[in-house]
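Asker: One structure, pasted below without further comment.
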Amino acid sequence: MIADAILTYLLVDDDGAVSIAYRFVELDRGNRSTAELARGVGRYARLHRRTIPAEDPALGRIILGAPLPGVPGLLVVLAGGPPEALRRRRSIVLALCRADPMLASTPEVEVSICLLDDLIERGPLAPIFRSPERPETDADLLGR
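Everything in the sequence shown is counted per the working numbering, starting at 85 for the first residue and increasing by one.
So, in structure tokens, the structure goes:
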């Protein structure tokens with residue numbers, strides 16, 4: 085599993101507080117089935133469940149430790165087709181993601197899907213993303 089890109093956004097709220105948002109980006113050009121794309125999204129849940137090794141001094145060996153910290157959310161960007169076909173593809177992939185047991189049991193995995201044209205025209209802070217939890221509601225990069 086290799087993300088197509090990792091986005092880093094510096095966010096400043098109204099009070100001047102600064103935070104950084106990271107997201108893996110998966111660019112889908114429609115060259116694989118919706119089932120294959122959804123399976124790929126599900127693999128990000130497995131990444132969240134992986135653990136980092138930790139040494140147990142009492143046993144003198146490596147044991148499984150805590151889950152990997154700070155794994156970014158995932159943005160799936162759909163391109164390579166007419167907007168209506170891409171919206172239909174988004175709906176199907178979201179439905180398949182909702183049915184994925186690994187994603188369902190890993191709620192900390194943030195999955196958002198948008199159309200490339202919307203991302204280019206309106207930007208990542210516009211309400212252009214949909215998630216498996218809210219498939220009919222547009223949200224921004226931060227889920228608002």
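C-beta atoms are modelled at their ideal positions from N, C-alpha and C, and glycine is treated no differently.
Return the bridge partner residues of E120 from the DSSP annotation.
Answerer: Its beta-bridge partners do not exist; DSSP assigns none.
Asker: Measure the beta-carbon distance from C181 to A122 and round it to whole angstroms, keeping in mind my assumption that it falls under 8 Å.
Answerer: The Cβ separation is near 5 Å, so the contact holds.
Asker: Here's a check: name, in chain order, each residue in its chain whose Cβ is nearer than 6 Å to the Cβ of D184, leaving out the five neighbours to either side.
Answerer: Closer than 6 Å at the Cβ level, and outside the excluded window around D184, lie G126.
Asker: Let's test the definition: count the other Cβ atoms within 10 Å of the Cβ of E194 and tell me whether it reaches 16, buried, or not, exposed.
Answerer: So E194 ends up on the buried side.
Asker: Looking at the structure shown, is D112 part of a helix, part of a strand, or coil, going by DSSP?
Answerer: Of the three classes helix, strand and coil, the one that applies to D112 here is strand, per DSSP.
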